[in-house]
Amino acid sequence: MPMLRYFLRRLLLLIPVLLGVSVVIFSIVHLAPGDPAEVMLGPSATQEDIANLREQLGLNRPLYVQYGAFLGNALRGDLGRSMRSNAPVVEEIMDRFPATLTLAVLGMAFAIGIGLPLGLLAALKQNTWIDALCSFVALAGFSIPNFWIALMLMLLFSIYIPILPSSGIDSWKNLVMPTIVLGVQTMAVIARMTRSSMLEVIRQDYVRTARAKGISDRLVLTRHILSNVMIPVVTIAGLYFGHSLGGVVVTETVFSIPGLGRLIVDAIRSHDYPVVQGGVLFFALCVGVVNLLVDMLYAALDPRIKAQYRAAR
Amino acid sequence: MKVSRAILMVSALLLILSPAALASELRIAQVADIASMDPQKVNDVYSANVIRQVYSNLVQVDENMQIIPDLAESWENPDNLSWVFHLRRGVAFHNGEPVTAADVKFTFDRLKDPSTAAPGATHLKEVKSVEVIDDHTVKLVTARPYAPMLMSLSRYETAILNRKAVEEAGADYGSKVAVGCGPYRFTSWSRGDKVILERYDEYFGGPAKIDRLVYRGIPEDATRLIELESGGIDLIPANFPYAEFVNFQGNKGFKTYTCPAMATNYLGLDVAVKPLDNKLARQAINYAVDKQAIVDAVYFGLGMPARGPLSPVIWGFDPNRGDAYPYNPEKARELLAEAGLADGFDMTIFCDARTERTSTAELIQAYLADIGVRASIELMEWSALLSETAKGIGGGFLLGWTGTGDADGGLVPIIHSANIGSSNRFRYSNKNLDDLLDRGGAELDQDARLKIYAEAQELIVDECPLLFLAVQEITAASSKSVEGFRPYPNFIPPLHGVSLSE
Chain Z
1 MPMLRYFLRR LLLLIPVLLG VSVVIFSIVH LAPGDPAEVM LGPSATQEDI ANLREQLGLN
61 RPLYVQYGAF LGNALRGDLG RSMRSNAPVV EEIMDRFPAT LTLAVLGMAF AIGIGLPLGL
121 LAALKQNTWI DALCSFVALA GFSIPNFWIA LMLMLLFSIY IPILPSSGID SWKNLVMPTI
181 VLGVQTMAVI ARMTRSSMLE VIRQDYVRTA RAKGISDRLV LTRHILSNVM IPVVTIAGLY
241 FGHSLGGVVV TETVFSIPGL GRLIVDAIRS HDYPVVQGGV LFFALCVGVV NLLVDMLYAA
301 LDPRIKAQYR AAR
Chain D
314 MKVSRAILMV SALLLILSPA ALASELRIAQ VADIASMDPQ KVNDVYSANV IRQVYSNLVQ
374 VDENMQIIPD LAESWENPDN LSWVFHLRRG VAFHNGEPVT AADVKFTFDR LKDPSTAAPG
434 ATHLKEVKSV EVIDDHTVKL VTARPYAPML MSLSRYETAI LNRKAVEEAG ADYGSKVAVG
494 CGPYRFTSWS RGDKVILERY DEYFGGPAKI DRLVYRGIPE DATRLIELES GGIDLIPANF
554 PYAEFVNFQG NKGFKTYTCP AMATNYLGLD VAVKPLDNKL ARQAINYAVD KQAIVDAVYF
614 GLGMPARGPL SPVIWGFDPN RGDAYPYNPE KARELLAEAG LADGFDMTIF CDARTERTST
674 AELIQAYLAD IGVRASIELM EWSALLSETA KGIGGGFLLG WTGTGDADGG LVPIIHSANI
734 GSSNRFRYSN KNLDDLLDRG GAELDQDARL KIYAEAQELI VDECPLLFLA VQEITAASSK
794 SVEGFRPYPN FIPPLHGVSL SE
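If you want it as structure tokens, here you go:
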């Protein structure tokens, strides 16, 4: 019950966050130099054409009126229509969201699936060549810009050994390279985090006690060590999920994946206000929800935190 | 016995090679996905490319930008305000509806309707009314004699729509539904990814040779090239990156194509401020810059110095024109001295942040420094650059002008004094030039028009409210199996005649 109450309270707290985001993004979009009517009509437009289109798009109304209208509609789940394609923004977002979500989840799965074992291995074989190798991979993964990794992967797997397509989203094969590119940085962070967390945990008294009781190494590792190692790792993974949603923009552009990141970038370029506003707001919602889920998971992993909720009640 | 076995084997073979297996598909990569399939909602060349395959116009242009018949078999001018078009008979839209004069009227009325907010409405600005004479005859009446009418009607923005399809689809028109009468029918569009078109067998120009076209938007240059190299796509119809093009030209596995673009790139000069109001100073700027060097450095040699305000592929370009201002820094210094500016002057060059534009600006800056003109460069966001220059930016600005394919569209918007405050960004005003342009726009005799525009070009080059820079090449490439592709100066090649060899 306290968990549920905590969850609901956090959910309510998302509302002011989203309100804040909506104000910020609305202001940025409208205060940035440039005008959608101007972009849509191109260099040959007369002042009259531009004025006419601005009127059609409702851009001549005072800013607070436009914001009010935007907010009012948004609360009813209507984010307006794209100025560029005239399609409802919600539809545009929902068209693109599955690709982004798939990519983000796969990227995170890759990051944890590789990063966690890498970190554990490095810690268990501390100060050996294996440790050095794992640390090197982690450092490289973090330092190399991901668009460069993307191009190198494409050269390797699309041209020299042509087994993977370099763009589009027609089959699972299309997702292999983008997953690696999106996940590699998070993978590196998780590997390093796991290693240092692991090194700390295995020196703890409770681990020594468990060993002294004669529990098998395997059981010590899974029951006593791993669950404690996971706490900081989950935190980092959660934080980086938001980060990797940002990375989606690069990945989607390089691999031509029709996702949310590319939608927003294209919209920014053509000053398509409703799509930028709606897209960013939606991103903010995603990050908020993921953070919330991570906090829940955190509580599930750490009895001390669960106890705190009880105390706070 | 033997014969029947042979028949069996042949039929089995035919079954294996059934139409599904044989369906030919051309995969095309553009820089961006389309914005809409509604010709009246777009003004980007990527949408235009797909629209070109699906819709027909009253008239079209060929690869030399000459007008050719399309839906209209013939036309005439009963008087200098009226255009009567005779439509082909027996033509049907992809939904089976016949193409009638009523559809033409509906199309043009919708384009002109302010509530459509069509970016392309400007192309029919001079049209006062559209009258249906009979099912296959339609009459356009203009407010004043308007010579470039046919060029306007060849634009993708004026493609003919089917009234029934548009009205039935409502807000979904252009995203889920698009009905034309061109060689390919719109099948599906997955937003941000690709558009699929299937051949329309009843096309009045005869069925296309390829069964299916897939247009994809691939924004990254490198990814587009890798896709072509790895066989993921067959054709890049334009915007092939210059830096890589030279390598591809020598590559035996691919075909490359070039043709001059309709656009002229220039450094506009705001003549409303000193010392750019002085013709001698403007001429000095023109002489000071080595355009060929810019073509070589910035466009990897894929272009040519501009010979005036119009690209050679625009109708009305005066073929007798040589280079507008051959590189001559000596002469430039003399002109500056003559203008009383021997010590040079300060100016600002405004441009957007594209590498091609910033490198051009830097080269111009260096050439100007050579004659004592101290130029600083200021980068601006694209739409801000457009709106600031429309108001008058007080310096030089790097832009390109594509126009419509006709000298009228190539000159009037950018230099007629009526457009000061919007597209005449030079804020240049000259009564004689206005008169010439007005006459050229109203003269229906094309030969007489050519003479008028030759005179106008002479005058503009002499007055030079802009530094004439370069005309770029359009660069395209395809796999070896693509036959019959030709790039078009307007960036919008029709693919009706393209085929795939084994």
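Protein chains in written order, with the working numbering: chain Z, 1 to 313; chain D, 314 to 815. We put the beta carbon where it would ideally sit given N, CA and C, even for glycine. It should be emphasised that the depicted structure is a prediction, and the values quoted were computed from it without experimental measurement.
Rounded Cβ spacing between residue i and residue j (contact assumed at less than 8 Å)
i	j	result
D:R740	D:D583	6 Å
Z:R194	Z:L124	Reading off the sequence, residue 194 of chain Z comes out as Thr, not Arg. 11 Å between Cβ atoms; not a contact.
D:V374	D:I473	Not really, about 16 Å apart at Cβ, beyond 8 Å.
D:L466	D:L371	5 Å
D:I805	D:V355	With 8 Å as the limit, D:I805 and D:V355 do not qualify as a contact, their Cβ atoms being about 12 Å apart.
Z:M198	Z:V229	5 Å
Under 8 Å between C-beta atoms of residue i and residue j
i	j	result
D:T577	D:P800	no
Z:L63	Z:H30	yes
D:G616	D:V608	yes
D:F663	D:L698	yes
Z:A87	Z:R81	yes
D:I690	D:A674	yes
Z:V287	Z:L245	yes
D:I728	D:L746	yes
D:K568	D:V811	no
Z:P261	Z:T102	It is Gly, not Pro, that sits at residue 261 of chain Z in the sequence shown. Against a cut-off of 8 Å, the Cβ pair of Z:T102 and Z:G261 comes out as no contact.
Z:V89	Z:P303	no
D:G433	D:E480	no
D:S349	Z:S85	yes
8 Å CB neighbourhood of residue i in its chain, flanking five on each side removed
i	result
D:K507	D346, V527, Y528, R529 and G530
D:G544	S792
Z:D35	I50, R54, L59 and H271
Z:V276	I25, V29, I264, A267 and I268
D:I329	Only weak support exists for where D:I329 lies, its pLDDT of 49 falling under 50; the coordinates are left without a value.
D:I854	Here chain D comprises residues numbered 314 to 815, so residue 854 of chain D is not present and cannot be evaluated.
D:G657	L649, I684, G685, V686 and R687
D:G518	P496 and H809
D:F613	Y555, A556, F558 and V559
Z:L292	F7, R10, L11 and L14
Z:G77	V90
Residue of the options minimising C-alpha distance to residue i
i	options	result
D:A783	D:A574, D:G797 and D:G483	D:A574
D:W396	D:E444, D:N370, D:D351 and D:V363	D:E444
D:G629	D:D416, D:K764 and D:A597	D:K764
D:F553	D:R402, D:T788, D:N803 and D:V811	D:T788
Z:P98	D:K354, D:S624, D:Y459 and D:R504	D:R504
D:L676	D:L580, D:T429 and D:K425	D:L580
D:A731	Z:S22, Z:L106, Z:T46 and Z:M94	Z:T46
Z:Y160	D:D514, D:A434 and D:E542	D:E542
D:Q770	D:Q785, D:N737 and D:V725	D:V725
Z:L315	Z:L219, Z:V181, Z:M83 and Z:L139	Outside the shown range of chain Z (1 to 313) lies residue 315 of chain Z, about which nothing can therefore be said.
D:K644	D:T661, D:D603, D:A597 and D:R525	D:A597
D:G566	D:A790, D:A679, D:M462 and D:D590	D:A790
D:L463	D:R620, D:D351, D:I509 and D:D721	D:D721
Nonlocal neighbours in the same chain, by C-beta distance under 6 Å from residue i, ignoring five residues either side
i	result
D:A334	For D:A334, the predicted model reports a pLDDT of 48, less than 50, meaning its position is unreliable and no value from the coordinates is stated.
D:S331	Note that D:S331 scores 47 on pLDDT, short of 50, meaning its location in the model is unreliable; the coordinates nonetheless yield the value given after this. Excluding sequence neighbours, D:S331 sits near nothing in its chain.
D:R816	In the structure as shown, chain D starts at 314 and stops at 815, and residue 816 of chain D therefore has no counterpart that could be examined.
D:L327	At D:L327 the pLDDT is 49, less than 50, meaning the model places this residue with poor confidence; the figure from the coordinates comes in the next sentence. Within the same chain, D:L327 has no close Cβ partners at all.
D:Y459	E439
Close beta carbons around residue i, own chain, < 7 Å, minus the five adjacent residues each side
i	result
D:E540	A342, I531 and I546
Z:S167	F255 and S256
Z:I236	V189, I190 and M193
D:W695	D665
D:V492	F406, H407, N408, N475 and A478
D:L654	P588 and A594
D:V316	Because D:V316 carries a pLDDT of 49, less than 50, the predicted location of this residue cannot be relied on, and no value is offered for it.
D:T715	M575 and A576
Query raised in the report: Are the segment 522 to 540 of chain D and the segment 151 to 161 of chain Z touching, with three or more C-beta to C-beta distances below 8 Å?
Result: Verdict: yes, contact present.
Query raised in the report: Using 8 Å as the Cβ pair cut-off and three pairs as the minimum, do the segment 242 to 261 of chain Z and the segment 140 to 147 of chain Z touch?
Result: Taking 8 Å as the limit for Cβ pairs, the verdict is that the segment 140 to 147 of chain Z does touch the segment 242 to 261 of chain Z.
Query raised in the report: With contact counted as at least three CB pairs below 8 Å, one residue from each stretch, are the segment 487 to 500 of chain D and the segment 361 to 380 of chain D in contact?
Result: They touch, by the three-pair rule.
Query - Cβ pair count under 8 Å reaching 3, the segment 106 to 116 of chain Z against the segment 179 to 191 of chain Z - result: Between the segment 106 to 116 of chain Z and the segment 179 to 191 of chain Z there are three or more C-beta pairs closer than 8 Å, enough to call the two in contact.
Query raised in the report: Is the segment 632 to 648 of chain D close to the segment 772 to 783 of chain D, with three or more CB pairs under 8 Å?
Result: Taking a cut-off of 8 Å on C-beta distances, the segment 632 to 648 of chain D touches the segment 772 to 783 of chain D, as three or more cross pairs fall below it.
Query raised in the report: Taking three-plus beta-carbon pairs below 8 Å as touching, is the segment 482 to 491 of chain D in contact with the segment 384 to 393 of chain D?
Result: With the cut-off at 8 Å, the segment 482 to 491 of chain D and the segment 384 to 393 of chain D do not touch.
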